[in-house]
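In what follows, a single structure is set out as C-alpha coordinates and then discussed.
Numbering (full-length UniProt numbering), first residue to last: 1 to 184.
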(Lines of atoms letter the chains of each structure in order from A and count residues from 1; the text may use other names and numbers.)
(Lines give C-alpha, C1' and ligand atoms only; values in the text may rest on other atoms or scores of the structure.)
Protein backbone atom coordinates (compact mmCIF):
# COMPACT_ATOMS: atom_id res chain seq x y z
CA UNK A 1 0.00 0.00 0.00
CA UNK A 2 2.88 2.35 0.84
CA UNK A 3 4.47 1.59 -2.55
CA UNK A 4 1.22 2.46 -4.37
CA UNK A 5 0.86 5.71 -2.41
CA UNK A 6 4.51 6.63 -3.07
CA UNK A 7 4.11 5.84 -6.78
CA UNK A 8 0.97 7.97 -7.02
CA UNK A 9 2.64 10.87 -5.22
CA UNK A 10 5.67 10.62 -7.53
CA UNK A 11 3.44 10.57 -10.64
CA UNK A 12 1.48 13.58 -9.38
CA UNK A 13 4.76 15.42 -8.75
CA UNK A 14 6.00 14.61 -12.28
CA UNK A 15 2.71 15.79 -13.83
CA UNK A 16 2.82 19.07 -11.88
CA UNK A 17 6.43 19.69 -12.90
CA UNK A 18 5.69 18.77 -16.52
CA UNK A 19 2.65 21.08 -16.74
CA UNK A 20 4.50 23.92 -15.02
CA UNK A 21 7.50 23.64 -17.33
CA UNK A 22 5.42 23.27 -20.47
CA UNK A 23 4.02 26.78 -20.09
CA UNK A 24 6.56 28.97 -21.79
CA UNK A 25 6.16 32.14 -19.80
CA UNK A 26 8.19 34.99 -21.14
CA UNK A 27 7.62 38.22 -19.19
CA UNK A 28 8.86 40.29 -22.12
CA UNK A 29 6.30 38.74 -24.51
CA UNK A 30 3.30 40.38 -22.82
CA UNK A 31 5.16 43.65 -22.74
CA UNK A 32 5.92 43.52 -26.44
CA UNK A 33 2.32 42.65 -27.34
CA UNK A 34 1.14 45.63 -25.29
CA UNK A 35 3.63 47.83 -27.10
CA UNK A 36 2.49 46.43 -30.45
CA UNK A 37 -1.19 47.07 -29.66
CA UNK A 38 -0.49 50.64 -28.56
CA UNK A 39 1.53 51.16 -31.77
CA UNK A 40 -1.43 49.81 -33.74
CA UNK A 41 -3.78 52.16 -31.87
CA UNK A 42 -1.46 55.09 -32.57
CA UNK A 43 -1.39 54.21 -36.27
CA UNK A 44 -5.21 54.02 -36.34
CA UNK A 45 -5.50 57.35 -34.55
CA UNK A 46 -3.00 58.92 -36.95
CA UNK A 47 -5.09 57.70 -39.88
CA UNK A 48 -8.27 59.37 -38.56
CA UNK A 49 -9.27 62.58 -40.20
CA UNK A 50 -8.67 65.85 -38.40
CA UNK A 51 -12.42 66.38 -38.20
CA UNK A 52 -12.93 63.09 -36.31
CA UNK A 53 -10.10 63.91 -33.89
CA UNK A 54 -11.60 67.32 -33.18
CA UNK A 55 -15.03 65.79 -32.61
CA UNK A 56 -13.63 63.19 -30.19
CA UNK A 57 -11.70 65.87 -28.29
CA UNK A 58 -14.82 68.06 -28.07
CA UNK A 59 -16.92 65.18 -26.73
CA UNK A 60 -14.20 64.19 -24.25
CA UNK A 61 -13.95 67.75 -22.95
CA UNK A 62 -17.73 68.00 -22.63
CA UNK A 63 -17.95 64.75 -20.67
CA UNK A 64 -15.17 65.90 -18.34
CA UNK A 65 -17.16 69.00 -17.38
CA UNK A 66 -20.55 67.27 -16.99
CA UNK A 67 -21.40 66.17 -13.45
CA UNK A 68 -23.34 62.88 -13.45
CA UNK A 69 -24.08 63.26 -9.71
CA UNK A 70 -26.35 66.23 -10.42
CA UNK A 71 -28.86 63.99 -12.24
CA UNK A 72 -31.82 62.43 -10.40
CA UNK A 73 -32.69 58.76 -10.78
CA UNK A 74 -35.80 58.87 -8.58
CA UNK A 75 -38.02 60.77 -11.01
CA UNK A 76 -40.68 59.12 -13.14
CA UNK A 77 -40.46 60.75 -16.54
CA UNK A 78 -44.20 60.70 -17.27
CA UNK A 79 -44.86 62.66 -14.07
CA UNK A 80 -42.94 65.54 -15.64
CA UNK A 81 -45.59 65.86 -18.35
CA UNK A 82 -48.24 66.77 -15.76
CA UNK A 83 -46.47 70.02 -14.91
CA UNK A 84 -44.05 70.80 -17.72
CA UNK A 85 -43.15 74.29 -16.50
CA UNK A 86 -42.16 73.07 -13.04
CA UNK A 87 -39.97 70.28 -14.40
CA UNK A 88 -38.44 72.02 -17.44
CA UNK A 89 -34.66 71.57 -17.32
CA UNK A 90 -34.84 68.98 -14.54
CA UNK A 91 -31.97 66.52 -14.80
CA UNK A 92 -32.67 62.78 -14.81
CA UNK A 93 -30.75 59.63 -15.53
CA UNK A 94 -31.95 56.14 -16.27
CA UNK A 95 -31.57 53.13 -18.53
CA UNK A 96 -33.66 53.06 -21.71
CA UNK A 97 -34.24 50.40 -24.32
CA UNK A 98 -34.35 51.95 -27.79
CA UNK A 99 -37.32 50.78 -29.84
CA UNK A 100 -37.06 53.16 -32.80
CA UNK A 101 -34.69 55.62 -34.38
CA UNK A 102 -37.08 58.41 -35.33
CA UNK A 103 -36.81 59.95 -38.78
CA UNK A 104 -37.14 63.53 -37.61
CA UNK A 105 -35.77 66.22 -39.93
CA UNK A 106 -33.19 67.97 -37.78
CA UNK A 107 -29.71 69.28 -38.43
CA UNK A 108 -28.93 69.35 -34.72
CA UNK A 109 -30.40 66.23 -33.09
CA UNK A 110 -30.89 62.51 -33.58
CA UNK A 111 -34.13 61.29 -32.00
CA UNK A 112 -34.60 57.90 -30.35
CA UNK A 113 -37.87 56.51 -29.02
CA UNK A 114 -37.38 54.17 -26.12
CA UNK A 115 -38.76 53.07 -22.81
CA UNK A 116 -37.61 53.16 -19.23
CA UNK A 117 -38.57 50.15 -17.10
CA UNK A 118 -39.18 50.83 -13.40
CA UNK A 119 -40.47 47.37 -12.49
CA UNK A 120 -41.74 44.32 -14.31
CA UNK A 121 -44.55 45.44 -16.67
CA UNK A 122 -44.03 49.08 -15.63
CA UNK A 123 -42.67 50.98 -18.62
CA UNK A 124 -42.71 54.64 -19.53
CA UNK A 125 -41.98 55.65 -23.10
CA UNK A 126 -39.67 58.59 -23.79
CA UNK A 127 -38.26 60.52 -26.72
CA UNK A 128 -34.51 61.06 -26.40
CA UNK A 129 -32.83 63.83 -28.39
CA UNK A 130 -29.04 63.51 -28.74
CA UNK A 131 -27.01 66.34 -30.24
CA UNK A 132 -25.37 65.05 -33.40
CA UNK A 133 -22.07 66.55 -32.21
CA UNK A 134 -22.23 64.42 -29.03
CA UNK A 135 -22.77 61.06 -30.73
CA UNK A 136 -19.71 58.95 -29.99
CA UNK A 137 -21.11 55.49 -30.72
CA UNK A 138 -23.92 54.43 -33.01
CA UNK A 139 -27.17 53.57 -31.25
CA UNK A 140 -29.30 50.89 -32.90
CA UNK A 141 -32.81 49.60 -32.35
CA UNK A 142 -32.92 47.24 -29.31
CA UNK A 143 -29.79 48.82 -27.78
CA UNK A 144 -29.91 49.75 -24.12
CA UNK A 145 -28.41 53.09 -23.21
CA UNK A 146 -27.72 54.63 -19.84
CA UNK A 147 -28.53 58.31 -20.28
CA UNK A 148 -28.18 61.57 -18.40
CA UNK A 149 -30.68 64.10 -19.74
CA UNK A 150 -32.65 67.27 -19.10
CA UNK A 151 -36.42 67.43 -19.42
CA UNK A 152 -37.25 69.64 -22.43
CA UNK A 153 -41.04 69.39 -22.54
CA UNK A 154 -43.38 67.19 -24.53
CA UNK A 155 -43.01 65.54 -27.92
CA UNK A 156 -46.27 65.18 -29.86
CA UNK A 157 -46.59 62.83 -32.80
CA UNK A 158 -49.17 60.94 -34.84
CA UNK A 159 -49.00 57.15 -34.86
CA UNK A 160 -49.33 55.03 -38.00
CA UNK A 161 -52.96 54.39 -37.04
CA UNK A 162 -53.69 58.13 -36.92
CA UNK A 163 -53.80 58.51 -33.13
CA UNK A 164 -52.08 61.43 -31.41
CA UNK A 165 -49.54 60.59 -28.74
CA UNK A 166 -47.38 62.63 -26.36
CA UNK A 167 -44.09 61.57 -24.84
CA UNK A 168 -41.68 63.31 -22.48
CA UNK A 169 -38.84 64.84 -24.51
CA UNK A 170 -35.43 64.48 -22.89
CA UNK A 171 -32.37 66.25 -24.28
CA UNK A 172 -29.51 63.84 -23.64
CA UNK A 173 -26.39 65.41 -22.18
CA UNK A 174 -24.41 62.17 -21.90
CA UNK A 175 -25.05 58.53 -22.63
CA UNK A 176 -23.38 55.16 -22.52
CA UNK A 177 -24.41 52.47 -24.97
CA UNK A 178 -24.58 49.49 -22.61
CA UNK A 179 -25.32 47.00 -25.39
CA UNK A 180 -22.28 48.05 -27.42
CA UNK A 181 -20.10 47.90 -24.28
CA UNK A 182 -21.22 44.33 -23.55
CA UNK A 183 -20.48 43.18 -27.12
CA UNK A 184 -16.80 44.17 -26.92
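Glycine is no exception: its CB is placed at the ideal position from the N, C-alpha and C atoms.
Next on the checklist: Can you tell me whether residue 85 is helix, strand or coil according to DSSP?
Outcome noted: As a position in the chain shown, residue 85 is number 85, starting the count at 1. Three-state result, residue 85: helix.
Next on the checklist: Any heavy atom of the ligand GTP inside 6 Å of the beta-carbon of residue 68?
Outcome noted: Absence of the ligand GTP is noted for the structure shown, with no ligands found whatsoever.
Checklist entry - From residue 161 to residue 76, what does the alpha carbon distance come to, in whole angstroms? => result Stepping through the chain shown from its first residue, residue 161 is reached at position 161. Stepping through the chain shown from its first residue, residue 76 is reached at position 76. One C-alpha to the other measures close to 27 Å.
Item to check | Local Cβ density within 10 Å of residue 163, reported as buried at 16 or more and exposed below that | outcome: Against the chain shown, residue 163 aligns to sequence position 163. It is exposed - the Cβ of residue 163 has fewer than 16 other Cβ atoms within 10 Å.
Checklist entry - What residues are listed by DSSP as bridge partners for residue 167? => result Residue numbering aside, residue 167 sits at position 167 when the chain shown is read from its first letter. Beta-bridge pairing links residue 167 to 155.
Checklist entry - Who are the near neighbours of residue 108 in its chain, counting only those whose CB is closer than 7 Å to its CB and skipping five residues on each side? => result Along the chain shown, one-based indexing puts residue 108 at 108. Once the five neighbours on either side are set aside, the close Cβ partners of residue 108 are 131, 132.
Item to check | Euclidean distance between Cα positions of residue 174 and residue 86 | outcome: As a working mapping, residue 174 is identified with position 174 in the chain shown. As a working mapping, residue 86 is identified with position 86 in the chain shown. Between residue 174 and residue 86, the C-alpha separation is close to 23 Å.
Checklist entry - What is the residue span of the beta strand (DSSP E) that residue 187 lies within? => result Outside the shown range of the chain (1 to 184) lies residue 187, about which nothing can therefore be said.
Checklist entry - What does residue 149 pair with, by DSSP beta-bridge criteria? => result Within the chain shown, the letter at position 149 stands for residue 149. Residue 149 pairs with 92, 172.
Checklist entry - If you check the beta carbons only, do residue 96 and residue 137 fall under 7 Å apart? => result Here residue 96 refers to the residue found at position 96 of the chain shown. Here residue 137 refers to the residue found at position 137 of the chain shown. No, these two residues do not count as a Cβ contact at 7 Å.
Next on the checklist: Going by the DSSP bridge assignment, what does residue 122 pair with across the sheet?
Outcome noted: What you label residue 122 is simply residue 122 of the chain shown in a count that begins at 1. For residue 122, which the question treats as bridged, DSSP gives the partners 119.
Checklist entry - At a Cβ threshold of 7 Å, is residue 99 touching chain B? => result Here there is only one protein chain, and chain B is not present.
Checklist entry - Should residue 93 go down as buried or exposed, given a rule of 16 or more other Cβ atoms within 10 Å for buried? => result Here residue 93 refers to the residue found at position 93 when the chain shown is read from its first residue. With 16 or more other Cβ atoms within 10 Å, it is buried.
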